[in-house]
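This report concerns only the one structure given below.
What follows is the structure in structure tokens.
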């Protein structure tokens with residue numbers, strides 16, 4: 176960028192021409208710092224806890240540089256806008272689409288089938304630069320929280336920037352057009368950028384408090400960060416003198432703010448919101464200061480290694496994350512541990528830098544400087560073809576994965592319909608010992624990719640109350656004369672397939688009252704927002720009233736305590752939570768309902784094991800995905816409360832033996848994968864447990880299940 180000079184006042188026929196300036200070494204240094212802290216955070220997240228703010232540094236830099244360019248050469252026609260887009264395409268798309276294509280190929284070669292479908296969808300949306308919205312939707316999906324990390328997850332920020340690049344030249348061009356007609360170009364442009372900054376910032380604060388998971392990814396909550404860079408550009412070009420007073424000090428304050436954010440901001444803080452103002456303001460100060468001299472930040476940010484990293488920072492960002500995600504898969508295939516050590520991390524850093532240097536020299540620079548792509552039409556034609564190839568690759572990955580799932584589902588259904596089959600939990604029945612069909616059921620019958628989609632009908636039928644729990648759906652299964660309410664969170668819902676099997680046998684009609692991540696208790700949980708906490712409480716009150724006055728004969732309930740009580744840690748929650756369940760249980764007893772509590776299942780998530788992904792990686796060594804009952808144990812305040820109640824109307828079923836036969840909790844039983852994530856039972860395995868569950872219900876002595 177070039178140094179500023181006095182700018183003549185606007186006239187109706189003249190757009191102000193900011194002064195020119197030399198290359199900004201400090202900005203290249205900021206790029207190096209940004210990509211460096213992101214890289215360190217991804218490799219050592221427990222040490223560089225706030226390293227994700229490097230993305231915010233990039234946003235401010237991008238907003239500054241792009242706004243500077245647009246102010247110097249404002250778009251005056253659609254042709255100018257198209258030329259701007261074409262330059263961005265030549266600069267950014269060749270390397271990014273190359274990485275996406277190679278990630279797709281590598282996923283086929285080294286990643287387990289269980290991640291193919293999700294990765295394919297994400298490659299497709301990343302190739303279209305809308306993957307941030309894909310991740311935003313997934314982020315609020317309680318069941319997606321434990322999915323394996325995506326090798327293209329880092330493309331969310333690139334999608335935000337590309338969406339910014341798409342709309343920004345039109346916004347600035349329109350502001351200049353209006354400003355020129357009014358004779359106030361500088362003011363109109365300045366107020367336009369300021370207005371976008373303020374609107375997005377206010378929205379970011381509000382939405383981060385309301386929907387923190389989605390807020391992290393979506394463009395409207397991030398636009399203010401890019402606009403902040405635009406405000407700096409306007410100040411530098413139109414307002415500021417040659418040098419700000421104390422510019423060196425401002426530069427050091429800004430640099431210190433970025434470093435402090437890297438170590439003090441944590442992933443559990445609501446972000447971006449107002450907290451992101453720290454790295455954004457800090458970056459803006461460094462750029463605004465434009466400090467020079469031996470006492471400034473410039474000598475540090477201009478060191479040759481720093482400049483080199485800054486020059487290749489875009490490609491380093493592209494390459495590092497796929498390596499971090501895919502190398503463990505390759506390591507397992509080679510018979511090594513999937514856990515990365517210090518040497519592995521250092522190797523990833525070196526490979527990322529070498530790959531980034533190569534792609535910068537042979538891809539980015541070649542395409543950007545190629546005479547062939549000097550035409551906007553040729554540039555857009557290349558972009559369309561390259562994006563189509565990436566989209567086709569992602570789509571083919573999804574199709575292949577889905578075909579494998581559908582074929583496996585048909586095979587499993589045939590075994591479910593066979594009364595002599597020992598599939599899944601049927602192998603635990605006493606009759607299995609004399610059944611010759613059970614001999615071959617030790618081998619894996621279920622594809623891991625199929626397991627990840629093997630969920631109860633409650634999901635497809637929309638039976639879930641989700642945060643903030645304003646909607647209260649009910650679903651009904653069976654048509655028996657005895658009416659049973661299935662109540663609880665997702666750990667009640669995963670028993671629905673077994674209960675459906677039992678509905679005809681025991682003359683049951685089952686009505687679901689299921690809430691995602693919300694316990695039916697009189698005590699508030701520490702959910703994402705106060706509105707969600709209150710909504711969960713209101714939902715629990717409604718369910719209690721509905722089930723006690725709705726003509727039900729019995730309640731079957733089960734829950735996982737997935738979040739602490741409001742204002743408590745886990746230890747305090749375990750001690751206090753039974754009280755909140757006891758009052759609900761007593762209301763059901765007072766309403767003369769039979770109550771069955773199914774103690775929560777053993778919890779593989781306690782060891783950070785996503786069961787289908789683990790099975791896919793260790794099909795020849797399933798012990799790597801198993802654990803002891805002590806390792807997979809988790810608190811269950813609901814069961815503890817039910818056990819403390821002296822009433823013939825309450826019974827507790829303990830299912831541990833169905834998941835941990837012979838004292839070992841297994842990822843595969845009777846050829847069926849037991850969980851579709853870290854904690855929820857696959858529908859197939861739950862269905863095969865129907866005989867066991869039916870026998871236990873009969874032994875409760877409760878009239879409804881006699």
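In the working numbering, the protein residues as written are 176 to 881. All C-beta atoms, glycine included, are put in the ideal place defined by N, C-alpha and C. This structure is a prediction, so every number in the text was calculated from the model and none was measured.
Can you name the residues that DSSP bridges to residue i?
i           : result
residue 850 : 856
residue 651 : 686
residue 346 : Looking at the DSSP assignment, residue 346 forms no beta bridge with any residue, so it has no partner.
residue 826 : 771
residue 840 : 802
Do residue i and residue j have their C-beta atoms closer together than 8 Å?
i           : j           : result
residue 886 : residue 647 : In the structure displayed, the chain extends from 176 to 881; residue 886 sits before or after that span and is not available.
residue 857 : residue 626 : yes
residue 731 : residue 674 : yes
residue 162 : residue 736 : Within the shown structure, residues of the chain are numbered from 176 to 881, placing residue 162 beyond reach of any answer.
residue 639 : residue 861 : no
residue 368 : residue 242 : yes
residue 364 : residue 351 : yes
residue 848 : residue 621 : yes
residue 395 : residue 422 : no
residue 448 : residue 385 : no
residue 401 : residue 201 : no
residue 481 : residue 429 : no
residue 779 : residue 745 : no
residue 643 : residue 710 : yes
residue 431 : residue 239 : no
residue 650 : residue 667 : no
residue 436 : residue 420 : no
residue 439 : residue 569 : no
So what does DSSP say about residue i, is it helix, strand or coil?
i           : result
residue 877 : coil
residue 618 : coil
residue 303 : coil
residue 660 : strand
residue 286 : coil
residue 459 : helix
residue 640 : strand
residue 868 : helix
residue 564 : helix
residue 604 : coil
residue 275 : helix
residue 598 : coil
residue 740 : strand
residue 323 : coil
residue 749 : helix
residue 509 : coil
residue 515 : coil
residue 520 : helix
residue 593 : coil
residue 445 : coil
residue 845 : coil
residue 833 : helix
residue 329 : coil
Within 10 Å of its beta-carbon, does residue i have 16 or more other beta-carbons around it, so buried, or fewer, so exposed?
i           : result
residue 734 : buried
residue 517 : exposed
residue 414 : exposed
residue 588 : exposed
residue 360 : buried
residue 822 : exposed
residue 537 : exposed
residue 222 : exposed
residue 377 : exposed
residue 788 : buried
residue 833 : buried
residue 399 : buried
residue 824 : buried
residue 812 : buried
residue 521 : exposed
residue 817 : buried
Does the ligand MN have even one heavy atom less than 7 Å from the beta-carbon of residue i?
i           : result
residue 371 : As for the ligand MN, it is missing from this structure, which has no ligand bound.
| query | At what residue ranges does the region 461-487 contain a whole run of the alpha helix (DSSP H), taking only runs of 4 or more? | reply | Taking 4 residues as the minimum length, the alpha helix (DSSP H) runs contained wholly in the region 461-487 are 473-476 and 479-486, in order along the chain.
| message | List, from N- to C-terminal side, the alpha helix (DSSP H) runs of 4 residues or more that fit wholly inside the region 190-241. | response | The region 190-241 contains these whole alpha helix (DSSP H) runs: 200-218.
| query | What are the uninterrupted segments assigned as alpha helix (DSSP H) that are 4 or more residues long and contained completely in the region 351-413, given in chain order? | reply | Counting whole runs of 4 or more residues, the region 351-413 contains the alpha helix (DSSP H) stretches 360-385, 387-390 and 398-409.
| request: At 3 residues or longer, and completely inside the region 666-736: list those beta strand (DSSP E) runs for me, N to C. | output: Fully enclosed beta strand (DSSP E) runs of 3 or longer: 683-690 and 729-733.
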